[in-house]
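If you count the sequence shown from 1, you need to add 174 to reach our numbering.
Even for Gly, the Cβ is constructed at its ideal location relative to N, Cα and C.
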Amino acid sequence: MKQNELYTEKNTTKASKSSQRRQFLSSSAGIVVMLGLGFVGAQSKTQKLLRPPGGQNEDAFRAKCIKCDRCRSVCHTSVIGVTPIEEGFINARTPVMKFHLGFCDFCNQCVEVCPTQALEPFDKQTVKIGIATLTDTCIALNYGGCTLCFEACEYKAISLDDQKRPIIDADKCNGCGVCEKICPSLVLRSYIGGTLRGIEVRPIVKEAIV
Ligand code: SF4
Ligand code: SF4
Ligand code: SF4
């Protein structure tokens with residue numbers, strides 16, 4: 175091979191390597207930015223995490239929450255947990271309701287200690303953390319004989335049909351989580367694993383994920 179050809183070939187290989195490196199760096203930077211902004215696992219404007227009462231405006235909440243942990247520390251029912259990193263960097267360590275641990279009686283203490291008003295003052299009569307939904311592990315739906323959530327709901331948001339299966343009134347439900355906390359279906363079905371209870375509080379979806 176002539177010296178000129180060798181020189182050209184070397185230059186072409188060098189140029190292609192540097193272009194590959196540029197592509198790699200720009201795509202890596204993109205991923206880092208996406209992670210940083212929380213786009214992975216956390217689309218803006220769509221509430222997918224259950225926040226403590228007063229934190230239901232997800233965009234406003236995320237803009238103000240400084241992850242100080244005061245709400246979690248003060249909650250007397252221990253219903254507030256921390257969001258894991260899997261929900262995106264922006265969400266990581268923000269407070270999230272965990273109804274396997276406790277329930278909310280709307281005592282207002284978390285709002286009072288929040289230093290940034292990420293949790294805004296709420297009206298006890300109208301606030302909604304989420305809405306309870308039956309799942310396919312509900313004992314009453316599968317076998318009958320369980321009416322615990324119906325008995326536990328002090329807001330009369332659960333009634334029973336003619337076969338004593340629960341029916342949830344979404345207008346009356348405020349997402350307090352008592353029903354999910356006491357649901358025994360997880361215990362009865364624990365031999366197959368999983369954590370889904372027969373009734374669970376889910377976020378109120380206002381806008382579809384695009
Ligand atoms: S209102 Fe009270 S019970 Fe409910 S999450 Fe806040 S501190 Fe806990
Ligand atoms: S007290 Fe307020 S700022 Fe602190 S973690 Fe709770 S919601 Fe966020
Ligand atoms: S979350 Fe359950 S217990 Fe609480 S109001 Fe809704 S249906 Fe009733």
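For residue i, the residue or residues it bridges with in DSSP
i: I254; result: M271
i: V375; result: A306
i: P340; result: L334
Local Cβ density within 10 Å of residue i, reported as buried at 16 or more and exposed below that
i: S201; result: Only weak support exists for where S201 lies, its pLDDT of 45 falling under 50; the value from the coordinates is given anyway. S201 is exposed by the Cβ-count criterion.
i: A314; result: buried
i: S247; result: exposed
i: Q337; result: exposed
i: L293; result: buried
i: L334; result: exposed
i: I259; result: exposed
i: V253; result: buried
i: I341; result: exposed
i: K219; result: For K219, the pLDDT reaches just 46, beneath the cut-off of 50, and the residue's location in the model is therefore unreliable, although a value from the coordinates is still provided. Exposed, since its Cβ has fewer than 16 Cβ neighbours within 10 Å.
i: P377; result: buried
i: V375; result: buried
i: G368; result: exposed
i: A234; result: exposed
Heavy atom of ligand 2 within 6 Å of residue i beta-carbon
i: A266; result: no
Of the residues the options, the one placed nearest residue i, counting alpha carbons only
i: D310; options: E232, G228, L360; result: L360
i: Q291; options: L224, G228, K346; result: G228
i: D343; options: R371, L275, T257, T307; result: T307
i: V270; options: D243, N316, C312; result: D243
i: V285; options: V352, I356, K238; result: K238
i: C278; options: R236, E261, G372, E328; result: E328
i: I356; options: K298, N282, E325; result: E325
i: F280; options: T268, T251, V256; result: T251
i: G262; options: H274, K298, R339, R236; result: R236
Check: residue i C-beta below 6 Å from any heavy atom of ligand 3
i: G349; result: yes
Closer than 6 Å: residue i CB and nearest ligand 1 heavy atom
i: V253; result: yes
i: C390; result: Not covered by the structure: residue 390. The range shown for the chain is 175 to 384.
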